[in-house]
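Residue numbers (the working numbering): 4 to 375.
The structure appears below as structure tokens.
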Ligand SMILES: Nc1ncnc2c1ncn2[C@@H]1O[C@H](COP(=O)(O)OP(=O)(O)OP(=O)(O)O)[C@@H](O)[C@H]1O
Ligand SMILES: [Mg+2]
């Protein structure tokens, strides 16, 4: 049984530590074995509360099923400043859907927005998102990437980008790498700063990264979604005016089960699922070229068929893909003629066929031309 935010909340409610009060809970994010907790405190008292913070952190670390814990003190009330105490105590995972704004209108200058998502963490969404974006660019599209993983942004590392974005007329300029425009929470916070926000704050950050950024003109904006299918992810799926979603899964049954949750989530909010990608499909030994299906092989294609979802293609588990990701030189750019780039290009073609084939009705802007 994996850890839930309710387990953690129950533990926090019953904590017996001097100075502890569950009302201090400003935000809670539980992602499998990862717990992030924000304690909302009076800034004037913050320095004296460090021992309490450390004790709460140690106590959470001792909970069964917890692998990593971050507890931070925050004075930040964010957009919820005017919120009632009950809202302030509501952890991010439990933000009431009724509070979420409706899916917004189009983003000026952006033609089509697609989400790269999965139900499960670590299956290669971000790696797929960046290489798919580069493959779409290789097919002549003007492409941007929105890193919507507010808790664990990947794009700064994957593209070797850092520093704050420039701001002009209260609008942020996306950073640019290999001709791709990129926006990520990673540009706005220090790398080691723990981000623990309540649902409304996540919404507000995401909205700003979408709408207060000079994206255009773009043919495709690829949104790298955070892992999971909780309320926060659901909210994101609702707020981004998506043309559709691409689901990434590894081939084994467990990941596919989570992929199905992801598919259900998008269907719930009427976002078309444009297809399934099998990542880490098989391992080809660099020495003997023997192919080993480490996570099985073909599971995602079978599942796609069963769910009547297009299968967009498979990407092998390959050391070069990880190495190029780690070094900020994604493989479609650094080895454009290689076999792995070819796999991503084939996926991009399948995706474009879905988008251009008119088989789905998706959110699309009329082309606007500017003269003069
Ligand atoms: N096809 C692949 N071959 C080898 N390594 C891969 C492949 N795809 C992803 N990886 C590696 O697996 C790790 C996880 O990938 P990535 O960060 O893209 O996953 P994610 O689904 O975005 O994770 P999270 O859920 O944390 O956002 C990274 O180290 C990445 O380099
Ligand atoms: Mg990721």
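From the three backbone atoms N, C-alpha and C, an ideal C-beta is built for every residue, glycine too.
Beta-bridge partners of residue 282, as assigned by DSSP: Note: residue 282 is bridge-paired with 318 in the DSSP secondary-structure output.
Look at the alpha carbon of residue 192 and the alpha carbon of residue 159, and state the distance between them as a whole number of angstroms. Their backbone Cα atoms lie some 11 Å apart in a straight line.
Name the two residues that bound the continuous beta strand (DSSP E) containing residue 252. Bounds of the beta strand (DSSP E) holding residue 252 are 247-252.
In three-state DSSP terms, what is residue 293? The three-state reading of DSSP puts residue 293 in coil, since its state is none of H, G, I, E or B.
Using the Cα positions of residue 67 and residue 124, report the straight-line distance between them to the nearest angstrom. Their Cα atoms are separated by approximately 20 Å.
Here's the rule I'm using: 16 or more other beta-carbon atoms within 10 Å means buried, otherwise exposed. How should residue 340 be labelled? Counting Cβ neighbours within 10 Å, residue 340 comes out exposed, since fewer than 16 surround it.
Out of 37, 12, 20, which has the shortest C-alpha to C-alpha gap to residue 29? Comparing Cα-Cα distances from residue 29 to each of 37, 12, 20, the minimum goes to 12.
Give the range of the alpha helix (DSSP H) segment to which residue 158 is assigned. It spans 158-161 - the alpha helix (DSSP H) in which residue 158 sits, taken as one unbroken run.
Please confirm whether any heavy atom of ligand 2 lies closer than 8 Å to the CB of residue 252. Checking every heavy atom of ligand 2 against the Cβ of residue 252, none is found closer than 8 Å.
Range of the contiguous alpha helix (DSSP H) that encloses residue 305: Counting along the chain, the alpha helix (DSSP H) containing residue 305 begins and ends at 302-309.
Tell me residue 150's beta-bridge partners as DSSP assigns them. Looking at the DSSP assignment, residue 150 forms a beta bridge with 187, 227.
Quick check: what's the CA-CA separation for residue 282 versus residue 349? One C-alpha to the other measures close to 14 Å.
Once DSSP output is grouped into helix, strand and coil, what is the label at residue 14? Of the three classes helix, strand and coil, the one that applies to residue 14 here is helix, per DSSP.
Quick one: does the C-beta of residue 126 sit closer than 8 Å to a heavy atom of ligand 1? Under cutoff, so the answer is yes.
Starting from residue 180, trace the beta strand (DSSP E) in both directions and tell me its first and last residue. Counting along the chain, the beta strand (DSSP E) containing residue 180 begins and ends at 178-180.
In angstroms, rounded to a whole number, what distance separates the CA positions of residue 36 and residue 61? Distance between the alpha carbons of residue 36 and residue 61: 15 Å.
Check: residue 261 C-beta below 8 Å from any heavy atom of ligand 2: Residue 261: no, Cβ never under 8 Å from ligand 2.
Residues in its own chain within less than 6 Å of residue 132 by CB, not counting five upstream and five downstream? Cβ-Cβ distances below 6 Å link residue 132 to 119, 225, 227 in the same chain, with the five nearest sequence neighbours on each side left out; the list follows chain order.
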